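Colleague: Got a structure for you, questions after.
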Amino acid sequence: MQDFKQEDVYQQAKAWVKQAGVLIRESINQPREVDTKADENDLVTEMDRKIEKFFTDHIRATYPNDRILSEEGYGDDVRDLKGTVWIIDPIDGTMNFVHQKQMFSISLAVYCAGSGEIGFVYDVMADILYHAKKGQGAFKNEQQLDMLKPEKILTQSLLMVNTIWCTKNSRINDEKIRALVQTVRGVRTYGSAALEFAYLAEGIVDCYISVKLHPWDLAAGCILYNEVGGKTLQMTGDALTMVNQEPIIAAHPSIIKQVIDEYLELKN
Ligand code: IPD
Ligand code: CA
Ligand code: CA
Ligand code: CA
């Protein structure tokens, strides 16, 4: 691996994530400029852009050789994970940010030569920072998260799924998802994919499926989840590319194959 100083980059990135959190909290009650993107429910605010620019300016000034893959257009055109790539969602859960002023996160990951080295998911309003360095465990603030329990059975599992599965534009076989919903113990939808990964890593939910995730939604979260023994794959069972938008499943290793084989079928 190239000259990548994991601890130094981790400390620097952590400081930026915390500073960005302060900027958001300080202005949480200010009037928002809310625009839409792909459709009228796909929201973006001046704060999404401001926070992304905060990160890209700092990263470019400090690590000029690194590349940035991010949501709001201040990053680079990244199509592979060569070198060091920062993968950033400045506000994950913009709808929660706008409507609820809580339950959104900053997601920041650093990949080096394709390997997820550092991940942060920051629940800004609760001031809870989930963080991980590859090979060194995952943490919730100062507390190390336990490894997942060795066994989990599907009928006793909690599932997280975005409600897009039951809309007319769904790319997934909705009969099968209905059967999955009826099989698991319960279903939750929190509205921030990155936080949903953090909850998987915490072991308080067991499976997450989404037909439509970009790398910046999951790059940090799946590093956290790996560290406690969780698995994240494309819905086909293939490895993630981490540069494309793709349907994904993240789950406890005891149930992931059963869910893919019996309940997930993509439509074209
Ligand atoms: C969205 C959130 C949401 C997920 C969507 C994402 P954004 O990210 O993570 O939970 O269901 O697929 O696009 O746009 O709020 O950063
Ligand atoms: Ca968005
Ligand atoms: Ca997102
Ligand atoms: Ca976002």
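Oh and the sequence shown: position 12 is 14 in this note's numbering, straight run, nothing missing.
Backbone N, C-alpha and C fix where the C-beta goes; we use that ideal spot for every residue, glycine too.
No experiment lies behind these values; they were computed from the predicted model shown.
1. Please classify LYS135: is it buried, with 16 or more other beta-carbons within 10 angstroms of its beta-carbon, or exposed?
2. Would you mind listing the beta strand (DSSP E) stretches within the stretch 184–260 that are 3+ residues and don't spill past its ends, in chain order?
3. Whose C-beta lies closer than 8 angstroms to the C-beta of ILE287 among residues of the same chain, with five residues either side of it excluded?
4. Tell me, to the nearest whole angstrom, how far the beta carbon of VAL213 is from that of VAL189; I am working on the premise that it is less than 8 angstroms.
5. Let me know if VAL87 comes out buried or exposed under the rule of 16 or more other beta-carbons within 10 Å of its beta-carbon.
6. Looking at VAL24 and VAL100, is the spacing between their C-beta atoms short of 8 angstroms?
7. Can you tell me whether DSSP reads ILE93 as helix, strand or coil?
8. Near ligand 3, which residues have their beta-carbon closer than 5 angstroms to a heavy atom?
9. When we look at the beta-carbon of PRO152 and count the other beta-carbons within 10 Å, is it buried (16 or more) or exposed?
10. Check whether the Cβ of THR47 lies closer than 7 angstroms to any heavy atom of ligand 4, and answer yes or no.
11. Report the rounded CA-to-CA distance for GLU229 versus GLU119, giving the unit in angstroms.
12. Check whether the Cβ of THR96 sits closer than 7 angstroms to any heavy atom of ligand 2, and report yes or no.
13. Look at the alpha carbon of LEU266 and the alpha carbon of MET237, and state the distance between them as a whole number of angstroms.
14. Identify every residue that forms a DSSP beta bridge with PHE57.
15. For THR96, which residues in the same chain have their Cβ closer than 8 angstroms to its Cβ, ignoring the five residues on either side in sequence?
16. Tell me where the alpha helix (DSSP H) around GLU28 begins and ends.
17. Check the C-beta distance from LYS103 over to ILE53 and give it rounded, since I have them as a contact under 8 angstroms.
18. What is the DSSP secondary structure of MET49, reduced to helix, strand or coil?
19. Please confirm whether any heavy atom of ligand 6 lies closer than 7 angstroms to the CB of ALA128.
20. Helix, strand or coil for ARG62, going by three-state DSSP, please let me know.
21. For ILE262, which residues of its own chain have a beta-carbon under 7 angstroms away from its beta-carbon, when the five flanking residues on both sides are left out?
22. Measure the beta-carbon distance from SER109 to GLY223 and round it to whole angstroms, keeping in mind my assumption that it falls under 8 angstroms.
23. Should GLY116 go down as buried or exposed, given a rule of 16 or more other Cβ atoms within 10 Å for buried?
24. Starting from PHE122 and walking both ways along the beta strand (DSSP E), at which residues does that stretch end?
25. Under 8 angstroms between the Cβ atoms of ILE70 and ALA221?
26. Could you check the C-alpha separation between TYR201 and ASP125 for me, to the nearest Å?
27. Figure out for me which residue from GLU73, ASP5 and HIS133 has the closest Cα to the Cα of ALA17.
28. With DSSP as the reference, label ALA181 as helix, strand or coil.
Modeller: Per the coordinate set shown:
1. Reading the sequence shown from its first residue, position 133 is the one you call residue 135. Looking at its Cβ environment, which holds 16 or more other Cβ atoms inside 10 Å, LYS135 is buried.
2. List check, beta strand (DSSP E) in window: 188–190, 209–215, 233–236 and 248–253.
3. Nothing about residue 287 can be read from this structure; the chain reaches only from 3 to 270.
4. As a first step, residue 213 is located in the sequence shown; it is residue number 211 there, counting from the start. As a first step, residue 189 is located in the sequence shown; it is residue number 187 there, counting from the start. With 8 angstroms as the limit, VAL213 and VAL189 do not qualify as a contact, their Cβ atoms being about 16 angstroms apart.
5. Mapped onto the sequence shown, residue 87 falls at position 85. Classification of VAL87: buried, given that the 10 Å Cβ count is 16 or more.
6. For the purposes of this step, residue 100 is taken as the residue at position 98 of the sequence shown. For the purposes of this step, residue 24 is taken as the residue at position 22 of the sequence shown. Going by C-beta atoms, VAL100 is not nearer than 8 angstroms to VAL24.
7. In the sequence shown, residue 93 corresponds to position 91, counting from 1. Correct three-state label for ILE93: strand.
8. That gives ASP91, ASP94 and ASP219.
9. Against the sequence shown, residue 152 aligns to sequence position 150. By the C-beta density criterion, PRO152 is exposed, having fewer than 16 other C-beta atoms within 10 angstroms.
10. Position 45 of the sequence shown, counted from the first residue, corresponds to residue 47. Because no heavy atom of ligand 4 lies under 7 angstroms away, the Cβ of THR47 does not count as near it: no.
11. For the purposes of this step, residue 229 is taken as the residue at position 227 of the sequence shown. For the purposes of this step, residue 119 is taken as the residue at position 117 of the sequence shown. Here the alpha carbon of GLU229 sits roughly 11 angstroms from the alpha carbon of GLU119.
12. The residue labelled residue 96 in the question sits at position 94 within the sequence shown. Under cutoff, so the answer is yes.
13. Stepping through the sequence shown from its first residue, residue 266 is reached at position 264. Stepping through the sequence shown from its first residue, residue 237 is reached at position 235. Rounded to the nearest whole angstrom, the CA to CA distance from LEU266 to MET237 is 7 angstroms.
14. Taking the first residue of the sequence shown as 1, we reach residue 57 at position 55. DSSP lists no beta-bridge partner residue for PHE57.
15. Taking the sequence shown and counting its residues from 1, one reaches residue 96 at position 94. Closer than 8 angstroms at Cβ, skipping near neighbours: LEU45, VAL46, THR47, ASP50 and PHE106.
16. For the purposes of this step, residue 28 is identified with residue 26 of the sequence shown, where counting begins at 1. Run containing GLU28: 8–28, per the alpha helix (DSSP H) assignment.
17. On the sequence shown, residue 103 is found 101 positions in, with the first residue counted as 1. On the sequence shown, residue 53 is found 51 positions in, with the first residue counted as 1. About 15 angstroms separates the two Cβ atoms, so there is no contact after all.
18. Working through the sequence shown from its first residue, we reach residue 49 at position 47. When secondary structure is reduced to three states using DSSP, MET49 falls in the helix class.
19. Ligand 6 is absent from the structure shown, which contains only ligand 1, ligand 2, ligand 3 and ligand 4.
20. For the purposes of this step, residue 62 is taken as residue 60 along the sequence shown, with counting starting at 1. Looking at ARG62 - three-state DSSP - the assignment turns out to be helix.
21. Translated into positions along the sequence shown, residue 262 becomes position 260. Once the five neighbours on either side are set aside, the close Cβ partners of ILE262 are MET237, GLY239 and ILE251.
22. Reading the sequence shown from its first residue, position 107 is the one you call residue 109. Reading the sequence shown from its first residue, position 221 is the one you call residue 223. That belief holds up - the Cβ atoms of SER109 and GLY223 are roughly 7 angstroms apart, short of 8 angstroms.
23. Position 114 of the sequence shown, counting from 1, holds the residue named residue 116. Per the 10 Å Cβ criterion, exposed.
24. Counting from one through the sequence shown, the residue named residue 122 turns up at place 120. Counting along the chain, the unbroken beta strand (DSSP E) around PHE122 starts and ends at 117–125.
25. Along the sequence shown, read from residue 1 onward, the residue named residue 70 stands at position 68. Along the sequence shown, read from residue 1 onward, the residue named residue 221 stands at position 219. No, they are not a contact pair.
26. As a first step, residue 201 must be located in the sequence shown, where it is residue number 199. As a first step, residue 125 must be located in the sequence shown, where it is residue number 123. Their backbone Cα atoms lie some 11 angstroms apart in a straight line.
27. Residue 17 sits at position 15 when you count from the first residue of the sequence shown. The shortest C-alpha to C-alpha distance from ALA17 to any of GLU73, ASP5 and HIS133 is the one to HIS133.
28. Stepping through the sequence shown from its first residue, residue 181 is reached at position 179. Under the three-state reduction of DSSP output, ALA181 falls in the helix class.
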